[in-house]
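First up is the structure itself, then whatever we jot down about it.
This is the structure in structure tokens:
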């Protein structure tokens, strides 16, 4: 199972719980039992695990499983491999039949900024489910690895926008770094550990405001030498907001206007939703899935390409 957590505010305790190996096993057991498992069933099924009442309560309180009249089930929707395949085939049948028309509609999308705006548009929607469980397949791994999870950080003069993936959970950008600082420091990614070693428990507002000033200088063509020790620049380099060229730091973000309408993309998405109306009614998560399938199809047909940088501001 792959656990997809929405792009809404990350709950540190939720991430802690799903990072434990026993949770995946418990989740699969509950899915197999189709909502008919009791606490006694769970304890019998996992005699070598510490399945306490308190642990199960924490899973319920953090919206990872549900409890109804003493029966336990997975919280939220489960996207089976059959559903994944049906939706993929439906979408691709429609898209393939309109390939030349879509290529013509998208022929103006040529630059890295254009591609960023397309991905931002597809990822910028109101998520209905906080947690969704996917059967692990080649399709689900591919879709959930796409950079469709939006992160926004507000500075004094600019908004930082980063594109990340739902799988794996940690994305190496400002938002996730500070989210992960709230976690129990076990089972955390090496990128996070390295960045934490640079910054420590720094105040988020202080870091964002100071970094914004540095980034504005670089965006205006000012030179900042690498040899000058600066933990903020080291951190921004680690996360890809800046790069190094000839021993000087260089701005590595896109300056984009995300207010522009994507009329052709909006029309295509609406047509795709209508074509899959029966399947979209069945699962709320289909609203994300159709966007992911569309993005993957656009990439595979070389209609757009992934931007080299996944950070922008506007």
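Residue numbers (my numbering): 0 to 313. Here a beta-carbon is modelled for each residue, glycine too, at the ideal position from N, C-alpha and C.
Using beta-carbon positions only, say whether residue 323 and residue 145 come within less than 8 Å of one another. Outside the shown range of the chain (0 to 313) lies residue 323, about which nothing can therefore be said.
Nearest-angstrom Cα separation, counted from residue 266 out to residue 203: Here the C-alpha atom of residue 203 lies approximately 39 Å from the C-alpha atom of residue 266.
Going by beta carbon distance, what residues of the same chain come within less than 7 Å of residue 118, once the five residues before and after it are set aside? These residues qualify, in order along the chain: 146, 147, 162, 294.
Give me the residue from 35, 181, 69, 50 with the minimum Cα distance to residue 12. Residue 12 has its Cα closest to that of 181, out of 35, 181, 69, 50.
Report yes or no: do three or more beta-carbon pairs, one from the stretch 268-286 and one from the stretch 75-91, lie closer than 8 Å? Using a Cβ-Cβ distance cut-off of 8 Å, the stretch 268-286 and the stretch 75-91 are in contact, since at least three pairs of beta carbons, one from each stretch, lie closer than that value.
Quick check on the burial criterion: 16 or more other C-beta atoms within 10 angstroms. Buried or exposed for residue 98? Result: exposed.
If you check the beta carbons only, do residue 174 and residue 253 fall under 8 Å apart? Cβ atoms of residue 174 and residue 253: not closer than 8 Å.
Which residue wins for smallest C-alpha separation from residue 259, given the options 51, 36, 116? Cα-wise, what sits closest to residue 259 is 116.
In angstroms with no decimal places, state the Cα-to-Cα distance between residue 169 and residue 32. When the Cα atoms are used, residue 169 and residue 32 turn out to be separated by approximately 30 Å.
Tell whether a beta-carbon distance below 8 Å holds between residue 263 and residue 105. In this structure, residue 105 lies closer than 8 Å to residue 263 by Cβ.
Check whether the stretch 69-82 touches the stretch 130-139, taking contact to mean three or more Cβ pairs, one atom from each stretch, closer than 8 Å. Because the criterion of three Cβ pairs below 8 Å is met, the stretch 69-82 and the stretch 130-139 touch.
Three-state class that DSSP yields for residue 244 in the structure shown: Reduced to three states, the DSSP call for residue 244 is strand.
Say whether the stretch 228-236 touches the stretch 206-213, bearing in mind that this needs 3 or more beta-carbon pairs closer than 8 Å, one atom from each stretch. Note that the stretch 228-236 touches the stretch 206-213; at least 3 beta-carbon pairs, one per stretch, sit closer than 8 Å.
Per DSSP, residue 80 forms a beta bridge with which residues? Note: residue 80 sits in no beta bridge, so no partner.
Bridge partner(s) assigned by DSSP for residue 161: Answer is 150, 310.
Report the start-end ranges of each alpha helix (DSSP H) in the stretch 183-237 that is 4 residues or longer and not cut off at the edges. With a minimum length of 4 residues, the continuous alpha helix (DSSP H) runs that stay inside the stretch 183-237 are 189-198, 203-218.
With a cut-off of 8 Å on the beta carbons, I'd call residue 290 and residue 121 a contact; round off their distance for me. Taking C-beta atoms under 8 Å as the contact rule, residue 290 and residue 121 qualify, at a distance of about 4 Å.
List the residues that DSSP assigns as beta-bridge partners of residue 70. Residue 70 is bridged to 67.
What does residue 36 pair with, by DSSP beta-bridge criteria? In the DSSP assignment, residue 36 forms a beta bridge with 71.
What is the C-beta distance between residue 17 and residue 139, in whole angstroms, given that I count them as a contact (C-beta under 8 Å)? Rounded, the Cβ-Cβ distance is 16 Å, inconsistent with contact.
Quick test of your reading: residue 154 and residue 207, contact by CB under 8 Å. State the CB separation rounded to the nearest angstrom. With 8 Å as the limit, residue 154 and residue 207 qualify as a contact, their Cβ atoms being about 5 Å apart.
For residue 302 versus residue 78, is the C-beta spacing smaller than 8 Å? Contact flag unset, no.
If you run the structure through DSSP and keep just helix, strand and coil, what is residue 131? Strand.
Excluding the 5 residues flanking residue 249 on each side, which residues of the same chain have their C-beta closer than 7 Å to its C-beta? Within the same chain, 217, 241, 242, 243 come within 7 Å of residue 249 by CB-CB distance, once the 5 residues on both sides are set aside.
Determine the direct distance from the alpha carbon of residue 247 to that of residue 128, and round the result to whole angstroms. Spanning the two alpha carbons is a distance of roughly 44 Å.
Leaving out the 5 sequence neighbours to the left and right, which residues in its chain are closer than 7 Å to residue 44 when beta-carbon positions are compared? For residue 44, where only same-chain residues beyond five positions count, the Cβ hits under 7 Å are 28.
Please report the Cβ distance between residue 136 and residue 80, rounded to the nearest whole angstrom; I am assuming they are in contact, meaning their Cβ atoms lie under 8 Å. Contact holds; Cβ gap of about 5 Å.
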